[in-house]
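Heads up: the structure comes next, in structure tokens.
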Amino acid sequence: MEFENNINAKLNGLRKFNAVMACFHLAQGLVLFLLSTNFSLPVMSYFLEMDPISNKLTPFPEELFQLGLSPLITGFLIITAIAHATVAFPGVFRWYARNLRKGANYARWMEYSISSSVMLVIIAMLVGIYDVGSLILMFSLNATMILFGWIMELHNQNVQDVNWASYWFGTFAGIMPWVVIGVYLLAQEAVKEGLRVSSTEFLALYSFFLTSLL
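Read in the working numbering, the sequence shown has 197 at position 155, and its numbers run on one by one without any break.
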């Protein structure tokens with residue numbers, strides 16, 4: 043009985059924590075929106091077209107649209123705030139607590155699959171990755187990594203021997219976008235429109251991303 047009371051107390055504290063974090067991330071998003079600039083980066087396509095001079099198919103760079111980074115980062119924070127607020131609602135929290143008792147946190151994977159993938163796209167663009175296909179694939183690979191975490195919890199409930207296959211598959215999917223980002227960092231100094239992204243600043247962005255997932 044005492045053990046159950048302790049669990050309930052911790053769950054109630056967790057609900058309050060989610061409510062506080064929802065307010066915190068919402069405040070972050072509003073402040074960032076008020077302080078934001080109109081800085082944007084191009085999203086490009088490189089479809090093949092026939093070059094009339096060389097008579098060969100060559101990639102033709104074309105700007106599809108400009109993507110504002112400030113609204114994107116604000117959106118990331120708002121998504122996080124909505125996720126925390128949703129979990130704190132009574133009906134949703136009962137579902138959340140029931141899964142936690144089974145050792146699963148599905149709400150976390152739902153939110154992370156979107157928010158962390160958005161932040162990854164932002165970081166990728168800051169180092170010079172503008173190709174629309176590459177950005178879509180990087181978003182998808184990162185989301186796949188997160189969803190493998192969901193599968194990891196789903197397959198390892200009430201078992202003595204943990205099956206780590208989902209973890210390693212997810213790790214492979216998730217590390218590949220960072221390999222590409224690392225290649226861009228090593229191959230160039232990522233200087234564009236007066237913006238220089240050094241390795242130190244890149245790590246700072248990644249640290250901000252990690253802390254925002256709390």
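Think of the CB as a built atom: it goes at the ideal place given N, C-alpha and C, for glycine as much as any other residue. These numbers were taken from a predicted model, which means no experiment stands behind them.
Neighbourhood of residue i by C-beta, 7 Å cutoff - its chain only, sequence neighbours within 5 removed
i, result
"PHE75", "THR116"
"GLU105", "PRO84 and MET86"
"ILE164", "LEU111, LEU114 and ILE115"
Alpha-carbon to alpha-carbon, residue j and residue i
i, j, result
"ILE188", "ASN97", "45 Å"
"PHE135", "LEU114", "28 Å"
"PHE181", "PRO94", "35 Å"
"LEU77", "ASN48", "43 Å"
"GLY175", "PHE89", "10 Å"
"PHE102", "LEU177", "18 Å"
"THR100", "TRP192", "42 Å"
Closest residue to residue i among the options (Cα-Cα distance)
i, options, result
"GLY55", "VAL129, ALA207, PHE118 and LEU106", "VAL129"
"MET194", "LEU99, LYS144, ILE95 and ARG136", "LYS144"
"GLN108", "TYR226, ASN184 and TYR172", "TYR172"
"GLY224", "ILE178, MET167 and SER78", "MET167"
"LYS58", "MET218, PRO132, TRP192 and TRP137", "PRO132"
"VAL222", "LEU179, MET92 and TRP137", "LEU179"
"PHE118", "GLY71, ASN205 and MET92", "GLY71"
Classification of residue i by the beta-carbon crowding that lies within 10 angstroms, buried from 16 upward
i, result
"ALA51", "exposed"
"ALA207", "exposed"
"THR122", "buried"
"ALA69", "exposed"
"GLU235", "Any reading at GLU235 must be qualified, since the residue scores a pLDDT of 48, below 50, and its modelled position is unreliable; the value itself is stated next. It counts as exposed."
"LEU183", "buried"
"VAL169", "buried"
"PRO219", "buried"
Residues near residue i by beta carbon distance below 8 Å, same chain, minus five either side
i, result
"THR186", "GLY212, ALA215 and GLY216"
Cut-off 6 Å between Cβ atoms - residues of its own chain near residue i, not counting five sequence neighbours on either side
i, result
"ALA155", "One detail in the question is off: residue 155 reads as Ser in this sequence, not Ala. Taken in chain order, the residues that qualify are ALA185, ILE188 and LEU189."
"LEU53", "ALA139"
Point to revise | Meets three-Cβ-pair contact criterion under 8 Å: the stretch 141-152 and the stretch 84-101 | key: No, the stretch 141-152 is not in contact with the stretch 84-101.
Check your understanding: Quick check: the stretch 119-126 against the stretch 59-66, are there 3 or more CB pairs under 8 Å?
Key -> As far as the Cβ criterion goes, the stretch 119-126 touches the stretch 59-66, which means the pair count is three or higher.
Review point. Are at least three pairs of beta-carbons, each pair with one atom in the stretch 153-170 and one in the stretch 198-215, less than 8 Å apart?
Key: Counting Cβ pairs under 8 Å, fewer than three are found: no touch.
Check your understanding: Is the stretch 218-233 close to the stretch 190-205, with three or more CB pairs under 8 Å?
Key -> By the C-beta criterion, the stretch 218-233 is judged not to be in contact with the stretch 190-205, since fewer than 3 inter-stretch pairs fall below 8 Å.
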